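Take the sequence shown: its letters are residues 0 to 200, numbered as in numbering that gives the first Met the number 0.
For each residue, glycine too, the CB sits at the ideal point set by N, CA and C.
This one's a predicted model, so the numbers in the text were calculated from it and none came from an experiment.
These notes concern the structure reproduced below.
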Amino acid sequence: MNDWIDLTRKLDKDLRIYEDGAYRDPPFVAERWAQRATEGFEVWRLMLGTQTGTHIDAPCHFADGGATLDQLPAGACVGTYRLVTAESLADPDFRPGWAGETHLLLDARAPFRAAPEAIDALLALPPPMIVMVGNLRVAHDDPLWFHQRVAEAGKYLAEDTLEDIGELAPAGDIVALPLRLAGVSGSPARVMVRAGAGGQA
Numbered sequence: 000m001n002d003w004i005d006l007t008r009k010l011d012k013d014l015r016i017y018e019d020g021a022y023r024d025p026p027f028v029a030e031r032w033a034q035r036a037t038e039g040f041e042v043w044r045l046m047l048g049t050q051t052g053t054h055i056d057a058p059c060h061f062a063d064g065g066a067t068l069d070q071l072p073a074g075a076c077v078g079t080y081r082l083v084t085a086e087s088l089a090d091p092d093f094r095p096g097w098a099g100e101t102h103l104l105l106d107a108r109a110p111f112r113a114a115p116e117a118i119d120a121l122l123a124l125p126p127p128m129i130v131m132v133g134n135l136r137v138a139h140d141d142p143l144w145f146h147q148r149v150a151e152a153g154k155y156l157a158e159d160t161l162e163d164i165g166e167l168a169p170a171g172d173i174v175a176l177p178l179r180l181a182g183v184s185g186s187p188a189r190v191m192v193r194a195g196a197g198g199q200a
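Right under this line is the structure:
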């Protein structure tokens with residue numbers, strides 16, 4: 000099982016919490032609730048936001064009336080991926096090849112600016128989930144444009160993964176599992192990939 004690459008950030012006191020101006024996401028807190036010495040067992044109390052650490056955004060995170068987390072089918076959390084690079088998205092004429100993979104793995108670590116036309120071509124593909132490594136730069140004035148377009152397309156977005164993971168294989172297996180939370184805009188998730196056969200878009 001050591002051929003799997005875990006893309007998930009560790010949830011601990013050093014976790015980076017999103018903030019923008021006066022806004023800040025809920026903090027991550029893990030506190031001991033029960034102890035073996037007194038209760039005979041150990042339990043911890045957790046406090047966190049739906050977008051804490053490595054997480055999956057549901058469409059309703061950015062789109063009014065968008066799907067909530069629980070509308071993501073369980074089968075869409077495990078499958079195969081096709082790698083798409085930020086460099087390829089810099090071309091407005093980008094038209095990705097497709098071989099039936101269930102997920103798009105977007106390597107956004109390189110400092111290329113994606114063309115909006117390329118993003119729209121990507122979102123026209125069938126997979127319901129995009130897993131993003133790094134932060135995609137887009138040739139658009141609105142810094143949230145990419146997230147809004149993903150949500151408007153009805154796609155789920157897994158993001159805020161580890162980035163210092165070396166080169167990603169062009170295709171392979173993928174797991175992106177959120178908690179089974181009802182009616183919410185997202186969830187912390189465990190995200191892993193494993194190299195397999197195939198080529199990148």
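### Query
Residue range of the alpha helix (DSSP H) that H139 falls in?
For H139, no alpha helix (DSSP H) segment is defined, and its DSSP state is neither H nor E.
### Message
Can you look up I16 in the DSSP assignment and give me helix, strand or coil?
### Response
coil
### Query
For R23, does the three-state DSSP call read helix, strand or coil?
Here R23 sits in strand by DSSP.
### Message
I need the DSSP call for W144, collapsed to helix, strand or coil.
### Response
When DSSP states are grouped into helix, strand and coil, W144 belongs to the helix group.
### Where P126 sits in the DSSP three-state scheme
coil
### Query
Are three or more beta carbon pairs between the stretch 162-173 and the stretch 10-23 nearer than 8 angstroms?
no
### Per DSSP, the bridge partner or partners of E86
According to DSSP, which records beta bridges pairwise, E86 is partnered with nothing at all.
### Query
Measuring CB to CB, does P91 end up less than 7 angstroms from A113?
no
### Message
Can you tell me which residues form a DSSP beta bridge with H204?
### Response
With the chain covering only 0 through 200, there is no way to say anything about residue 204.
### Query
Could you give the residue range of the alpha helix (DSSP H) that holds E38?
R35 to E38
### Message
Quick check on P177: does DSSP put it in helix, strand or coil?
### Response
strand
### Query
How many Å lie between W43 and Y17 at the Cα?
24 angstroms
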